Amino acid sequence: MFLDELKVRNFCNLKSLSLKFSLKLNIFFGDNAQGKTNILDAIYFLNKAKSFRGKKDLYLIQWNGNEFFLKGNIIDEDNSHQLTILLQDSKIEVKNEIKGEIKSEVKKEIRIDNKKINNQSKVFEIFNCVVFSPEDLYILTKSPVLRRHFLNLLIAQVNEKYLYYLRRYQRTLLSRNKILNEKKSILEKNKVLESLDHLLISEGVEIIKIRHEVVNELSKLAAQVYKEILSVKDLFEIKYKPSISSDNLEKDFYDKLHKYREKESIRGFTLVGPHKDDLIFTFREVNIGSFGSQGQKRITAIAIRFAELFYIYKKTKKFPILLLDDVFSDLDKEKKRNFINLLNDQIQIFITTSNLEFLKETNFKNYMLFQVKDGCVLE
32 MFLDELKVRN
42 FCNLKSLSLK
52 FSLKLNIFFG
62 DNAQGKTNIL
72 DAIYFLNKAK
82 SFRGKKDLYL
92 IQWNGNEFFL
102 KGNIIDEDNS
112 HQLTILLQDS
122 KIEVKNEIKG
132 EIKSEVKKEI
142 RIDNKKINNQ
152 SKVFEIFNCV
162 VFSPEDLYIL
172 TKSPVLRRHF
182 LNLLIAQVNE
192 KYLYYLRRYQ
202 RTLLSRNKIL
212 NEKKSILEKN
222 KVLESLDHLL
232 ISEGVEIIKI
242 RHEVVNELSK
252 LAAQVYKEIL
262 SVKDLFEIKY
272 KPSISSDNLE
282 KDFYDKLHKY
292 REKESIRGFT
302 LVGPHKDDLI
312 FTFREVNIGS
322 FGSQGQKRIT
332 AIAIRFAELF
342 YIYKKTKKFP
352 ILLLDDVFSD
362 LDKEKKRNFI
372 NLLNDQIQIF
382 ITTSNLEFLK
392 ETNFKNYMLF
402 QVKDGCVLE
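Add 31 to the 1-based position in the sequence shown for this note's numbering, that's all there is to it.
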């Protein structure tokens with residue numbers, strides 16, 4: 032799959048862009064804070080309908096604007112598709128007894144070949160991308176929420192069944208937490224909680240099983256990448272740490288829900304389940320997120336993104352588009368060369384950089400250069 036053309040209007044500092052790309056390598060260069068990363072984020076948003084930097088949709092609209100528009104021409108094997116996203120800031124008046132307030136809500140409209148879609152998995156069928164960015168270090172060092180989000184998004188792109196169970200689980204979890212938060216006695220809550228527990232268990236167990244399989248595959252792929260970049264044979268591993276772990280998942284889940292029910296009722300939310308799972312990244316059995324050097328963390332972040340890329344290819348037989356945001360700045364010459372050797376000729380690549388020196392150390396041919404300044408691409 033390839034992104035042939037991109038049109039952007041009022042996205043971050045990008046007022047109006049119309050770009051035609053190489054199907055091999057595209058390099059955005061220029062000083063910092065000019066809009067290079069915003070172009071990558073626009074491509075990512077076309078695919079995932081969210082920013083890879085975690086920005087709220089509303090804050091992606093250009094200052095003093097009320098909407099942004101993205102359009103991409105996707106080449107998928109012998110087919111071509113038009114993918115568009117229109118995001119609008121709908122200011123609505125909220126009336127209460129004291130005063131009227133104005134608040135903002137966003138309206139997001141996604142179309143493939145001018146047909147409106149409501150299911151993001153339809154986009155994943157024709158277009159996928161993987162992004163490397165400095166923020167990837169947060170997956171290792173910050174909250175388990177980020178690691179679960181990474182895992183959920185990866186699996187959802189290639190497994191509709193997982194997305195189905197995940198959405199049902201999240202709805203059941205929301206209902207269960209609402210009951211737990213009510214100002215009633217445990218006895219009054221128990222009847223409703225029993226029925227919700229059975230739903231939570233059946234959906235949660237399926238999620239855990241799929242996660243186990245995926246993490247095992249992902250770990251092997253990442254270990255191979257780690258070895259290629261560092262030229263070492265030491266064992267790198269991704270470990271899945273579910274909050275429910277036994278040979279009998281259903282029973283263990285049920286027992287723990289009962290064990291913690293009183294505590295959950297006091298705290299107002301569910302304490303066990305896939306929404307509390309975690310991932311640990313280890314090198315020589317050492318937790319890299321907690322004890323690794325900055326260099327090890329950087330290599331690990333790269334390894335898990337490459338593992339994501341190869342995993343998607345393994346499941347779909349199509350390489351995702353690769354977005355590299357300032358990825359070479361922290362790598363020495365040898366690691367940079369090893370990184371580049373991992374890049375397959377079938378992958379379309381988009382790179383941001385403030386320094387074009389890395390081109391001298393590569394065999395890249397067939398590339399296009401785009402100079403970015405003040406949100407514009409200079410001819």
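Even for Gly, the Cβ is constructed at its ideal location relative to N, Cα and C. Quantities reported herein were computed from a predicted structural model and do not represent experimental measurements.
| Query | Result |
| --- | --- |
| Give the secondary structure of residue 81 by DSSP, where H, G and I count as helix, E and B as strand, and everything else as coil. | coil |
| What do you reckon, are the CB atoms on residue 347 and residue 189 nearer than 9 Å? | yes |
| Following the continuous beta strand (DSSP E) through residue 40, name the residue where it begins and the one where it ends. | 33 to 42 |
| With a CB to CB cut of under 6 Å and the five nearest residues on each side skipped, what residues in its chain are close to residue 70? | 59 |
| According to DSSP, is residue 385 part of a helix, a strand, or is it coil? | coil |
| Pop quiz: residue 354 and residue 43 are said to be a contact at Cβ under 8 Å. What is the actual Cβ separation, rounded to whole angstroms? | About 15 Å separates the two Cβ atoms, so there is no contact after all. |
| Thinking C-beta only, is residue 101 closer than 9 Å to residue 407? | no |
| Hey, residue 37 and residue 103: beta-carbon distance below 9 Å or not? | yes |
| Give me the Cβ distance between residue 237 and residue 196, rounded to the nearest whole Å; I'm assuming they're in contact under 8 Å. | 5 Å |
| With a threshold of 8 Å on Cβ separation, who are the neighbours of residue 88 within its own chain once the five nearest residues in sequence on each side are excluded? | 81, 82, 118, 137, 139 |
| For residue 108, count neighbouring C-beta atoms within 10 Å of its own C-beta (all shown protein chains included) and say buried if the count is 16 or more, exposed if not. | exposed |
| Report back the beta-carbon spacing between residue 411 and residue 168 to the nearest angstrom; my notes put them in contact at under 8 Å. | One cannot answer for residue 411 here, as it falls past the ends of the chain, which runs 32 to 410. |
| Tell me the residue span of the beta strand (DSSP E) that contains residue 313. | 309 to 314 |
| Classify residue 50 as helix, strand or coil using the three-state DSSP reduction. | strand |
| In whole angstroms, what separates the C-alpha of residue 46 from that of residue 184? | 29 Å |
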